[in-house]
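Student: Pasting a structure below so you can have a look.
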Amino acid sequence: MASASPHSREASTAAGSPRKSRDRSRASPRALLGSEPTVNEQYVESVLSTVELIPAGQVASYSDIADLVGRGGPRQVGQVMSAYGSAVPWWRVVRADGQPARGHEQQALTRLRAENVPLNGNRVNMRQARVTLQRTYREQN
92 MASASPHSRE ASTAAGSPRK SRDRSRASPR ALLGSEPTVN EQYVESVLST
142 VELIPAGQVA SYSDIADLVG RGGPRQVGQV MSAYGSAVPW WRVVRADGQP
192 ARGHEQQALT RLRAENVPLN GNRVNMRQAR VTLQRTYREQ N
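Residue numbers for the sequence shown follow this note's numbering, beginning at 92 and rising by one.
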């Protein structure tokens, strides 16, 4: 995969012409957010740090991540992943029914298969692959 994330977006300038958002794939979450995070940046940091805890071969749903972080919901986690998720294993975060991120299904499925994640067709078998992060998350936060 190229250095551009499947989650990167084009941003608009004030004049309305599109420009590419900067490549975030090589930066750590802290480097992206600077040294003194705001409340929103703290949420982004919490989401990304939680996603980094998901081991290869396992997945978490957007709602699992939101529950662990303790704020927001699956849509807010999805927004964070869309904007900043290229620096973390984004393919390990799936919808509650096991479907990979919309628009990135093939890339995600390729990576999930490489990690031997149990699949039922093009969906993750959530009973077998869902990770339990509560203890790990609490130890690190």
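Backbone N, C-alpha and C fix where the C-beta goes; we use that ideal spot for every residue, glycine too.
Per DSSP, Leu210 is paired with what?
Tutor: For Leu210, the beta-bridge partners assigned by DSSP are Val215.
Student: What does a CB cutoff of less than 6 Å around Pro97 pick up in its chain, not counting 5 residues either side in sequence?
Tutor: Legend: pLDDT at Pro97 = 47, less than 50; position of this residue unreliable, no value from coordinates given.
Student: Thinking C-beta only, is Ala151 closer than 8 Å to Val208?
Tutor: No; because the gap between Cβ atoms is not below 8 Å, this pair is not in contact.
Student: Compute the Euclidean distance between the alpha carbons of Arg162 and Thr201, then round it to the nearest angstrom.
Tutor: 31 Å
Student: Kindly give me the distance between the Cβ atoms of Val138 and Val171, rounded to whole angstroms, as I take these residues to be in contact under 8 Å.
Tutor: 4 Å
Student: Where DSSP assigns a beta bridge to Ala151, which residues make up the other side?
Tutor: Val184
Student: Measure the C-alpha to C-alpha separation of Tyr134 and Tyr153 and round it to an integer number of angstroms.
Tutor: Cα to Cα, the separation comes out at about 14 Å.
Student: Would you call the CB atoms of Gln149 and Ala157 closer than 8 Å?
Tutor: With contacts defined by Cβ atoms closer than 8 Å, Gln149 and Ala157 do not form a contacting pair.
Student: For the alpha helix (DSSP H) that contains Arg221, what are its first and last residues?
Tutor: Here Arg221 belongs to no alpha helix (DSSP H), and DSSP marks it neither H nor E.
Student: Is it right to say Asp155 is buried, meaning 16 or more other beta carbons lie within 10 angstroms of its own, or is it exposed?
Tutor: buried
Student: Note down, in chain order, each residue of its chain lying with its Cβ closer than 7 Å to the Cβ of Arg113, except the 5 sequence neighbours on either side.
Tutor: Because the pLDDT of Arg113 is 41, which lies under 50, any placement of that residue in the model is unreliable, and the number read from its coordinates should be weighed accordingly. Closer than 7 Å at Cβ, skipping near neighbours: no residue.
Student: When burial is assigned at 16 or more other CB atoms within 10 Å of the CB, is Pro191 buried or exposed?
Tutor: buried
Student: Assuming Gly169 is part of the alpha helix (DSSP H), what are its boundary residues?
Tutor: Note, Gly169: alpha helix (DSSP H), 165-175.
Student: In whole angstroms, what is the alpha-carbon distance linking Glu143 and Asn211?
Tutor: 24 Å
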